[in-house]
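Protein chains in written order, with the working numbering: chain A, 1100 to 1361; chain P, 38 to 387.
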């Protein structure tokens, strides 16, 4: 069985601080990480591989050349090999244009049974690229999956939805986007790190994928960003100190009544 | 710079003027129309009135109760796509049937909820119709000059707002965050039409097999749909301490929210997690108990209407986004707050 894991490199959030005056997120470092939910997807692939030894795991990522670090890290954690789709011609792509390119990258790696990825990335937070990729590969998509059962010819997924869970059975090949409950994340191993050093990870640009230029980047994106602005986040905070009496509580209660929220 | 590019492949394929009217994608479970449908009617009616066009609600199901309510709440038409395969949500037949209806009816705009269903089926429909889709919008307006749909969404955890348009492909598609609009009211004088669509052939064929739905009783009120959320963090000290969060929530008819730490410590389950790796919420009121306010948490809740924080550290980041802060030990303050809420409820009853 061949599993593809999609990983996206995103800015790390530990070095991010909130500007106390404007409330805007300030990036204090240049650190990047694998999108946390993609790490859960990778961990699930590795868990499957530990049960079914004939499994191979290929990591596919799209991003700037520096995203090679994320692919190598995923290999160090237990993936067998990887590919980075990267090229200036892809810059400015919206989710549709991105999904087309990632799907072409996956196709070029060969046939597969299962694609796993996080249900969304912490930077764009659209959560819509995965289903679009499934469309361009002509395979079914199952989303928000918190548990996966491998059958001889497919999977049973448990989807976390509003007010409960749904169980759905789908044959291979299938794309599954996962949430955090799917698997605990792992760590790079020593042997994995050694392998990551040795494994050659190809970098594919459009020369390798062969799209018409009109399908790529901003030109190939149906959506346009009109403007970007900072919302007013800082609030006029009323601060009171607890003093063992009911007074601060009463103040809070009348504030809530005044705001019409209780 | 941006306007220099024209997307020929998309523009040539479709005559934009052929596309008219607004679609909203309603949702049902067990044949009951879900509340998000009525919120979408508020969005859709406003946009349709601005454009001077019809508003249609698309519903998929086997049997659906009270479909005329959708008309009384604002729709001019209901397209009911009926087949046993649509009893439960399955991405393949749902996206195929909606795409077929879109190709037949050619709506200018399609809006769905940013729910697990909407966020799954809308990308599929967008890809099938080769058009743009904007996720999780909190504001939708019509540009007075171009009549284009302006789709505004929070990005990077709500720290930046981006306004997006779909200039040269149709339909213009967006998912909107649940609770970002009120449910539309019933107007018993409204009239409209229910059109039943029965598709055959490949549209309703699927390899996906629905097995079962399991209700999560701990999500009596789900955090994305709740008016009030009581959230707890590491400051609740242990599972027994976290019970205070649940007690206050139950008393106020609120949903229980939790930080990533609280979920990882096993005090609450993942569907309750608020933040970057959990859910983004914007209730009318959120009360944060024993939560320091890491950026990952704030990103998931800072668009809430009213934010109250109780924490013993006066420097806690959570106070920076709060409307009302109490500096104090949650184990002193929360029991008093519970008493105060009980007294208020008793007064209301009397």
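Note that CB positions come from ideal geometry on N, CA and C, so glycine has one too.
Practice task
Could you list which residues in chain C have their beta carbon closer than 8 Å to that of residue 314(P), in chain order?
Solution key: No chain C appears in the structure shown, which is made up of the protein chains A and P.
Handout entry: Supposed contact pair residue 1207(A) and residue 1087(A) - C-beta distance, whole angstroms, cut 8 Å
Key = The shown model of chain A, from 1100 to 1361, leaves out residue 1087(A), and the question about it has no answer.
Exercise for the section: Please work out which residues of its chain come closer than 8 Å, Cβ to Cβ, to residue 39(P), disregarding the five sequence neighbours upstream and downstream, and give them in chain order. Expected result: In the second chain, the residue the question calls residue 39(P) occupies position 2. With a pLDDT of 37 at residue 39(P), under the threshold of 50, the modelled position of this residue cannot be trusted; read the value that follows with caution. The answer is none, since no qualifying residue turns up.
Practice task
My understanding is that residue 1267(A) touches residue 1227(A), with C-beta atoms under 8 Å, so please give their C-beta distance in whole angstroms.
Solution key: Along the first chain, read from residue 1 onward, the residue named residue 1267(A) stands at position 168. Along the first chain, read from residue 1 onward, the residue named residue 1227(A) stands at position 128. The Cβ separation is near 19 Å, so there is no contact.
Problem - CB contact below 8 Å: residue 303(P) versus chain A - result: Residue numbering aside, residue 303(P) sits at position 266 when the second chain is read from its first letter. No, because no Cβ of chain A sits closer than 8 Å to the Cβ of residue 303(P).
Exercise for the section: Return yes when the Cβ of residue 1275(A) is within less than 8 Å of the Cβ of residue 1355(A), no when it is not. Expected result: By one-based count along the first chain, residue 1355(A) stands at place 256. By one-based count along the first chain, residue 1275(A) stands at place 176. The answer is no: Cβ separation not under 8 Å.
Handout entry: residue 1238(A) - DSSP class collapsed to helix/strand/coil
Key = To locate residue 1238(A), count along the first chain from 1; it is residue 139. Correct three-state label for residue 1238(A): coil.
Exercise for the section: Measuring alpha carbon to alpha carbon, tell me which of 283(P), 161(P), 126(P), 150(P) ends up nearest residue 137(P). Expected result: For this step, residue 137(P) is matched to residue 100 along the second chain. It is 161(P).
Exercise for the section: Spatial neighbours of residue 319(P) within its chain, please: CB distance less than 8 Å, with the 5 preceding and 5 following residues excluded, ordered by chain position. Expected result: As a first step, residue 319(P) must be located in the second chain, where it is residue number 282. For residue 319(P), same chain residues with a beta-carbon under 8 Å away, outside a window of 5 residues either side, are 175, 214, 216, 217, 338, 340, 341, 342 in chain order.
Practice task
List the whole-angstrom C-beta distance separating residue 111(P) from residue 221(P), where the pair is believed to meet the contact cut-off of C-beta under 8 Å.
Solution key: Residue numbering aside, residue 111(P) sits at position 74 when the second chain is read from its first letter. Residue numbering aside, residue 221(P) sits at position 184 when the second chain is read from its first letter. Indeed, because the Cβ distance is near 5 Å, the residues count as touching under 8 Å.
Handout entry: Proximity of residue 1285(A) and residue 1271(A) at Cβ, strictly below 8 Å
Key = On the first chain, residue 1285(A) is found 186 positions in, with the first residue counted as 1. On the first chain, residue 1271(A) is found 172 positions in, with the first residue counted as 1. Taking 8 Å as the Cβ cut-off, residue 1285(A) and residue 1271(A) do not qualify as a contacting pair.
Handout entry: Below-8 Å beta-carbon distance, residue 253(P) vs any chain A residue
Key = Locating residue 253(P) in the second chain gives position 216, where the first residue counts as 1. Using beta-carbon distances, residue 253(P) counts as an interface residue toward chain A, with a partner under 8 Å.
Exercise for the section: Could you tell me the distance, in whole angstroms, from the CA atom of residue 366(P) to the CA atom of residue 200(P)? Expected result: Position 329 of the second chain, counted from the start, is the residue given in the question as residue 366(P). Position 163 of the second chain, counted from the start, is the residue given in the question as residue 200(P). In a straight line, the C-alpha of residue 366(P) is about 41 Å away from that of residue 200(P).
Practice task
Measuring alpha carbon to alpha carbon, tell me which of 1258(A), 1320(A), 1324(A) ends up nearest residue 192(P).
Solution key: As a working note, residue 192(P) is residue 155 in the second chain. Considering only 1258(A), 1320(A), 1324(A), the residue with the shortest C-alpha distance to residue 192(P) is 1324(A).
Exercise for the section: Taking the CB atoms as reference points, tell me whether residue 1186(A) and residue 1278(A) lie closer together than 8 Å. Expected result: Against the first chain, residue 1186(A) aligns to sequence position 87. Against the first chain, residue 1278(A) aligns to sequence position 179. It is not a contact, given that the beta carbons lie outside the stated cut-off.
Practice task
Take the Cβ of residue 1293(A) as the centre, count every other Cβ of all protein chains shown within 10 Å, and call the residue buried at 16 or more, exposed below.
Solution key: One-based indexing of the first chain puts residue 1293(A) at position 194. Exposed is the call here.
Exercise for the section: Give the range of the alpha helix (DSSP H) segment to which residue 1180(A) is assigned. Expected result: Counted from its first residue, the first chain places residue 1180(A) at position 81. Residue 1180(A) -> not in any alpha helix (DSSP H); beta strand (DSSP E) instead, spanning 1180-1184.
Practice task
Answer with yes or no whether the minimum CB distance from residue 120(P) to chain A is below 8 Å.
Solution key: As a first step, residue 120(P) is located in the second chain; it is residue number 83 there, counting from the start. For residue 120(P), the answer is no, since every Cβ of chain A falls outside 8 Å of its Cβ.
Handout entry: Own chain residues within Cβ distance below 7 Å of residue 317(P), not counting five before or after
Key = As a first step, residue 317(P) must be located in the second chain, where it is residue number 280. Closer than 7 Å at Cβ, skipping near neighbours: 337.
Practice task
Just grab the DSSP bridge partners of residue 268(P) for me.
Solution key: As a first step, residue 268(P) is located in the second chain; it is residue number 231 there, counting from the start. The partner list for residue 268(P) (beta bridge, DSSP) reads 294(P), 325(P).
Practice task
Answer with yes or no whether the minimum CB distance from residue 1357(A) to chain P is below 8 Å.
Solution key: Counted from its first residue, the first chain places residue 1357(A) at position 258. Interface annotation, residue 1357(A): not in contact with chain P, CB-CB separation never under 8 Å.
Problem - Chain-ordered chain P contacts of residue 1163(A) [CB-CB under 8 Å] - result: Here residue 1163(A) refers to the residue found at position 64 of the first chain. At a C-beta separation below 8 Å, residue 1163(A) has no neighbours in chain P, since its nearest C-beta there lies roughly 18 Å away.
Practice task
Use the C-beta contact count for residue 1342(A): other C-beta atoms within 10 angstroms, 16 or more gives buried, fewer gives exposed.
Solution key: The count along the first chain starts at 1 and reaches residue 1342(A) at position 243. Classification for residue 1342(A): exposed.
Problem - Closest Cα partner of residue 1307(A) within the set 1336(A), 1182(A), 1108(A), 1107(A) - result: Sequence index remark: in the first chain, residue 1307(A) carries index 208 (1-based). Out of 1336(A), 1182(A), 1108(A), 1107(A), 1182(A) has the C-alpha closest to the C-alpha of residue 1307(A).
Practice task
Select from 1311(A), 1239(A), 1296(A) the residue whose C-alpha is nearest the C-alpha of residue 1188(A).
Solution key: In the first chain, counting from the first residue as 1, residue 1188(A) sits at position 89. Of the listed residues, the one whose Cα sits closest to residue 1188(A) is 1311(A).
Handout entry: Residues sharing a beta bridge with residue 1203(A), DSSP
Key = Numbered from its first residue, the first chain carries residue 1203(A) at position 104. Answer by DSSP bridge pairing: none, since residue 1203(A) is not bridged.
Practice task
Give a yes or no on whether 8 Å exceeds the smallest Cβ distance from residue 1192(A) to chain P.
Solution key: Within the first chain, residue 1192(A) is the residue found at index 93, counting from 1. Cβ-Cβ to chain P under 8 Å: no for residue 1192(A).
Problem - Residue-level contact to chain P via CB, residue 1349(A), 8 Å cutoff - result: Position 250 of the first chain, counting from 1, holds the residue named residue 1349(A). At a cut-off of 8 Å between beta-carbon atoms, residue 1349(A) makes contact with chain P.
Practice task
Kindly indicate which three-state DSSP category residue 342(P) falls into: helix, strand or coil?
Solution key: Stepping through the second chain from its first residue, residue 342(P) is reached at position 305. Note: residue 342(P) maps to coil in three-state DSSP.
Exercise for the section: Enumerate in chain order the residues of its own chain whose CB-to-CB distance from residue 322(P) is below 6 Å, with the five nearest sequence positions on each side excluded. Expected result: Locating residue 322(P) in the second chain gives position 285, where the first residue counts as 1. Excluding five sequence positions before and after residue 322(P), the CB atoms of its chain that fall closer than 6 Å to its own CB belong to 265, 343, given in chain order.
Handout entry: Residue environment, residue 1319(A), which counts as buried when at least 16 other CB atoms sit within 10 Å
Key = As a working note, residue 1319(A) is residue 220 in the first chain. Buried, by the Cβ-count rule.
Exercise for the section: Examine the Cβ distances between the stretch 119-139 of chain P and the stretch 241-252 of chain P and report whether three or more of them are shorter than 8 Å. Expected result: Look at the beta carbons and you see the stretch 119-139 of chain P touching the stretch 241-252 of chain P: at least three pairs across the two are nearer than 8 Å.
Practice task
Determine the chain A residues that contact residue 245(P) at a beta-carbon separation under 7 Å, and present them in chain order.
Solution key: Here residue 245(P) refers to the residue found at position 208 when the second chain is read from its first residue. Simply 1239, 1267, 1269.
Handout entry: Opening and closing residue of the alpha helix (DSSP H) in which residue 117(P) lies
Key = Here residue 117(P) refers to the residue found at position 80 of the second chain. For residue 117(P), there is no enclosing alpha helix (DSSP H); the residue is found in the beta strand (DSSP E) stretching over 114-119.
Problem - Proximity of residue 88(P) and residue 246(P) at Cβ, strictly below 8 Å - result: Here residue 88(P) refers to the residue found at position 51 of the second chain. Here residue 246(P) refers to the residue found at position 209 of the second chain. The beta carbons of residue 88(P) and residue 246(P) sit no closer together than 8 Å.
Practice task
Measure the C-alpha to C-alpha separation of residue 62(P) and residue 1288(A) and round it to an integer number of angstroms.
Solution key: Translated into positions along the second chain, residue 62(P) becomes position 25. Translated into positions along the first chain, residue 1288(A) becomes position 189. Distance between the alpha carbons of residue 62(P) and residue 1288(A) is about 47 Å.
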